[in-house]
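Some notes on the structure that comes next.
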Amino acid sequence: MDQSTPPAGSGTIRVSVWRSTGPGGVASGEGRFEAFDVPRQPSQTVLDVVTHIQRHLDPTLTYRFACRVGVCGSCAMVVNGEARWTCRTHVDKVSQDGTLEIAPLRNLPVIRDLATDMSTFFDKWARAKGQFSGSLTRKDDFAVVSPLSAERQQVDLGIECIGCGVCYSSCDVVEWKPDYLGPAAMNRAWTLVNDTRDEARRERLAAVAGDAGCHACHTHMTCTERCPKHLPLTSAIAGLKRVTTRALLKGEL
Amino acid sequence: MSAKAWRNRNHPAWWAFIVHRVSGLLLAAFIPLHFWALGQALSGEAALDGFIDWTANPAVKVAEFGLVIALAAHLAGGLRLLMLEFLPWRDWQKSLFAVSVAASIGAGLLFALNIG
Amino acid sequence: MSARTQVWLWFAQRASAALLGFFVLVHLATMIYAVRSGLSAGEILARTRGNTPWMLFYVLFVVSVAVHVPIGLRNILAETFAWRGRGLEVTVLAIGVFFLLFGLRAVWGVYAPGGAP
């Protein structure tokens, strides 16, 4: 915690909040930052700060949240330049010189203020063939997958994604190439590539290959740095690179 | 872009990317010049010597030092990328950027010491 | 350009990188060794003229460079200027051909016994 932020329970913190005038987000200049002074509270999260502003200072402020406990993935925002899950981010941890700057996620159109339209983000999960595709029916016996198998352990590494969009907002390649699938969609694809029950491997590899897919990743690892669930996203994309290249060399791509 | 937006990128792997990209661009610009210089030998040893004499200029020596660093950095950064892309991830790979920087500076210094 | 071709480019970039890893190590070592007593055309050409193993080394080096550089530049051009499509592919291919021919000319320059062919 930096010295100039008032301790919890005393004083106020100066918060700059993005107020949009268009869908472009901070980089486009379609809007401006508006300052609010918010009282410090013990164990105060960034979401608490935004909620305080909306309930007590300006009811027109628009933002999105649901569970408040880091499960639903709907409250991600850019806090002092870094995308974060605001419900699990303590003010103590992220304030600088007693200030907070809160902006909508990057790389997604702004609906209003801090709420972004996440359609593209989830459409890309579908484009990366993020749906399980099995062949068993309820008349068949259970598929047996050993928890110790290498494939199942790869799945374990990526399965806890909450779909918050922090990785997508942080990724430079998404910014440069708007059709790039992004880390979350490819992490999902990687968990399915490692799902031994899945039948759509070939189509999925074709969907994630090339310049709009895993091969555009430059291993910046910003997604992996920022993921609130600490998923090894860049490693999942590297896995897709290896598997698709092997498929290419075997003539299966 | 607001100054705070750069905080998003301030971590070792992103700096490794910038070093790789800048050194790569520098080398891509330099290599045709290098080919041209060696091509001087087609006009005989004297022509090549004429060019080498020009490189005795201190400014050129500084540029050469920079190019050796760029080459070593691109090599080390490239090996780092190949390991990250083709090997299963291990914790020690987080140190690869530091190792790359050390190796590049080492190669640059070795070149600088020998040049004098 | 099909996604398959893009994966081929990615693979060619990595394969050439692996080869270049070896070539550049040798090149750096030779360079650091060669500048010890100052560079001279006589010294360089004494090492390279008519030396077929070195010539083959440099030919493979040049070929790897001519594969590696254009693919890297293609990424940079596409990402920085949102440039894609036929114009980009033709430009990048031209850069590759230029690097290949100009590089082979340089190899011939230092290899050809007795200077000009």
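Chains as they are written, first to last, in this note's numbering: chain P, 1 to 253; chain G, 254 to 369; chain R, 370 to 486.
Glycine residues also receive a C-beta, built at the ideal position from the N, C-alpha and C atoms.
No experiment lies behind these values; they were computed from the predicted model shown.
Member of the options whose CA lies at the smallest distance from the CA of residue i
i	options	result
residue 353 of chain G	G:260, G:262, G:286 and G:266	G:266
residue 286 of chain G	G:320, G:328 and G:340	G:320
residue 398 of chain R	G:302, G:350, G:309 and G:328	G:328
residue 226 of chain P	P:209, P:105 and P:215	P:105
residue 231 of chain P	P:35, P:175, P:86 and P:190	P:190
residue 107 of chain P	P:199, P:208 and P:27	P:27
residue 324 of chain G	G:278, G:258, G:257 and G:262	G:278
residue 41 of chain P	P:208, P:52 and P:31	P:52
residue 35 of chain P	P:29, P:16 and P:43	P:16
residue 10 of chain P	P:148, P:236, P:156 and P:43	P:43
residue 341 of chain G	P:241, P:235 and P:64	P:235
8 angstroms contact criterion, which residue i and residue j should meet: CB distance rounded
i	j	result
residue 128 of chain P	residue 188 of chain P	6 angstroms
residue 437 of chain R	residue 385 of chain R	4 angstroms
residue 82 of chain P	residue 260 of chain G	6 angstroms
residue 21 of chain P	residue 89 of chain P	Not confirmed; about 26 angstroms, so no contact.
residue 205 of chain P	residue 243 of chain P	6 angstroms
residue 120 of chain P	residue 338 of chain G	That belief does not hold up - the Cβ atoms of residue 120 of chain P and residue 338 of chain G are roughly 27 angstroms apart, past 8 angstroms.
residue 476 of chain R	residue 428 of chain R	6 angstroms
residue 417 of chain R	residue 479 of chain R	4 angstroms
residue 49 of chain P	residue 100 of chain P	7 angstroms
residue 371 of chain G	residue 401 of chain R	The question about residue 371 of chain G has no answer here: the residues shown for chain G are numbered 254 through 369.
residue 216 of chain P	residue 173 of chain P	5 angstroms
residue 175 of chain P	residue 229 of chain P	Contact doesn't hold; Cβ gap of about 22 angstroms is too wide.
residue 367 of chain G	residue 405 of chain R	5 angstroms
Cβ-based burial, residue i [other Cβ within 10 Å; buried from 16]
i	result
residue 284 of chain G	buried
residue 383 of chain R	buried
residue 377 of chain R	buried
residue 69 of chain P	exposed
residue 97 of chain P	exposed
residue 185 of chain P	buried
residue 66 of chain P	exposed
residue 280 of chain G	buried
residue 139 of chain P	exposed
residue 450 of chain R	exposed
residue 141 of chain P	exposed
residue 312 of chain P	Residue 312 of chain P is absent from the structure shown; chain P starts at 1 and stops at 253.
For residue i, the first and last residue of its enclosing alpha helix (DSSP H)
i	result
residue 312 of chain G	311-339
residue 224 of chain P	222-226
residue 188 of chain P	183-193
residue 99 of chain P	Residue 99 of chain P -> not in any alpha helix (DSSP H); beta strand (DSSP E) instead, spanning 99-103.
residue 424 of chain R	421-450
residue 49 of chain P	46-52
residue 410 of chain R	410-417
residue 118 of chain P	Where residue 118 of chain P is concerned, there is no enclosing alpha helix (DSSP H), given that its DSSP letter is neither H nor E.
residue 132 of chain P	Unbroken run through residue 132 of chain P: none, as it is neither H nor E.
residue 265 of chain G	265-292
residue 455 of chain R	455-480
residue 151 of chain P	150-158
residue 306 of chain G	298-307
residue 203 of chain P	201-208
residue 249 of chain P	233-249
residue 91 of chain P	91-94
residue 168 of chain P	166-170
Proximal residues to residue i (C-beta, below 8 angstroms), its chain only, five neighbours per side dropped
i	result
residue 439 of chain R	461, 462, 464, 465 and 468
residue 485 of chain R	Because the pLDDT of residue 485 of chain R is 48, which lies under 50, any placement of that residue in the model is unreliable, and the number read from its coordinates should be weighed accordingly. Contacts found: none.
residue 254 of chain G	Per-residue confidence for residue 254 of chain G stands at a pLDDT of 46, beneath the threshold of 50, marking its modelled position as unreliable; the derived number appears in the next sentence. The answer is none, since no qualifying residue turns up.
residue 136 of chain P	143 and 197
residue 6 of chain P	12, 13, 40 and 98
residue 146 of chain P	152
Run of the beta strand (DSSP E) containing residue i, from where it starts to where it stops
i	result
residue 268 of chain P	Outside the displayed range of chain P (1 to 253) lies residue 268 of chain P, so it cannot be described from this structure.
residue 20 of chain P	12-20
residue 110 of chain P	110-112
residue 84 of chain P	82-85
residue 400 of chain R	Note, residue 400 of chain R: premise wrong, no beta strand (DSSP E); alpha helix (DSSP H) at 372-403.
residue 79 of chain P	76-79
Chain C within 7 angstroms of residue i, Cβ atoms only
i	result
residue 401 of chain R	As a matter of chain content, chain C is missing from the structure shown, whose protein chains are P, G and R.
Residues near residue i in its chain [Cβ-Cβ closer than 6 angstroms; skip 5 each side]
i	result
residue 154 of chain P	194
residue 1 of chain P	Residue placement at residue 1 of chain P is poorly supported in this model, since its pLDDT is 49, which falls under 50; the coordinates still yield a value, given next. 92, listed in sequence order.
residue 252 of chain P	none
residue 39 of chain P	12
residue 112 of chain P	20 and 62
residue 54 of chain P	61
residue 24 of chain P	30
Proximal residues to residue i (C-beta, below 7 angstroms), its chain only, five neighbours per side dropped
i	result
residue 472 of chain R	431, 434 and 435
residue 133 of chain P	198, 199 and 200
residue 233 of chain P	167, 183, 187, 223, 224 and 227
residue 80 of chain P	94, 96, 100 and 101
residue 181 of chain P	124, 127, 128, 208, 212 and 213
residue 203 of chain P	129
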